[in-house]
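Structure record follows, encoded as structure tokens.
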Amino acid sequence: MPTVHVKPFTFSDFATNCYVCDSDGEAVIVDASCSTDEETSELVNYINSNNLNVRHLLLTHAHIDHILGCNTLAKQFNLSWQAHRDTSIWLAGAPAQALLYGIRMVRPPKAGSWLDEGDIIQFGNAQWHILHTPGHAPGSICFVDDANGFVIVGDVLFNQSIGRTDLPGGNMGTLMASIFQKLFTLPNDMLVYSGHGPPTTIGAERSQNPFLV
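Oh and the sequence shown: position 102 is 153 in my numbering, straight run, nothing missing.
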């Protein structure tokens, strides 16, 4: 039986996925896409109704649609966000990012610690390892749960698509290397949870993704 339960939420006008993952009463939140009080309440009510103790706040990367709720959730759970060091410039520039989309936001708090490939995230009975997967955005990382057979990839890989590379710091060659040299070393049956859209598997994207075959 799986020891980690994954609950996806899709928030904001960007339709960005936020994940609450829990094991043995402890939880992590991956990406802060909640943009309104109602969305934040939905997330917090789920956590409280399941009596979960949030251990980690994690970012796959720091594009604006993934960090809209950083301030609110950091205050709610009295925790600092953890991300790759290369996200620092995006976190610092978040208000300017937001204005490009007609959004006003306060600069998110600085990350409490930096994560890199090979680091381990533990909560409950779960243990995740980190892959550094740039190309879509500087500092993109993926969270791999080998024991439960899934990976949370942010915007690196989607169901039948891949991350865009036309934003500052994006690079198609780097993205392809992250997919083929990192994600495609994972088992075919590994479930892929992306930053947008429905889940998929490594095998399905390896064999059917029109950008990769």
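Idealized CB from N, CA, C, for every residue including glycine. Please read these numbers as outputs of a predicted model, since none were measured by experiment.
Taking the alpha carbon of residue i as the point to measure from, which residue in the options has its own alpha carbon closest?
i              : options                           : result
threonine 225  : Ser191, Gly175, Glu90 and Tyr244  : Ser191
alanine 255    : Leu208, Thr67 and Gly246          : Leu208
asparagine 199 : Asn129, Phe231, Ser164 and Asp240 : Asp240
leucine 150    : Asp116, Arg106, Ala125 and Thr123 : Asp116
threonine 111  : Phe194, Gln127 and Ala145         : Phe194
histidine 107  : Thr91, Ser229, Ser164 and Gly205  : Ser164
asparagine 213 : Thr184, Gly144 and Asp197         : Correcting the residue identity first, residue 213 is isoleucine in this sequence and not asparagine. For the residues Thr184, Gly144 and Asp197, the minimum Cα distance to isoleucine 213 belongs to Thr184.
If you reduce the DSSP assignment to three classes, tell me which class residue i lands in.
i                 : result
histidine 247     : coil
glutamate 75      : Reading off the sequence shown, one finds aspartate at residue 75, where the question assumed glutamate. Coil, per DSSP.
arginine 257      : helix
phenylalanine 262 : coil
serine 212        : strand
asparagine 199    : coil
threonine 67      : strand
proline 159       : coil
cysteine 85       : coil
lysine 126        : helix
valine 207        : coil
proline 146       : helix
serine 191        : coil
serine 100        : helix
threonine 61      : strand
serine 92         : helix
leucine 226       : helix
What is the rounded straight-line gap between the Cα of residue i and the Cα of residue j?
i            : j              : result
threonine 15 : serine 63      : This structure cannot speak to residue 15, because the chain is shown only from 52 to 264.
leucine 109  : alanine 78     : 11 Å
aspartate 75 : valine 243     : 22 Å
glutamate 89 : histidine 187  : 29 Å
lysine 58    : alanine 66     : 15 Å
valine 264   : asparagine 129 : 44 Å
glycine 153  : proline 146    : 10 Å
Legend entry - Touching by the beta-carbon criterion (3+ pairs, under 8 Å), the region 216-230 and the region 167-179: no
Legend entry - Given 8 Å, three or more beta-carbon pairs between the region 135-142 and the region 81-101: no
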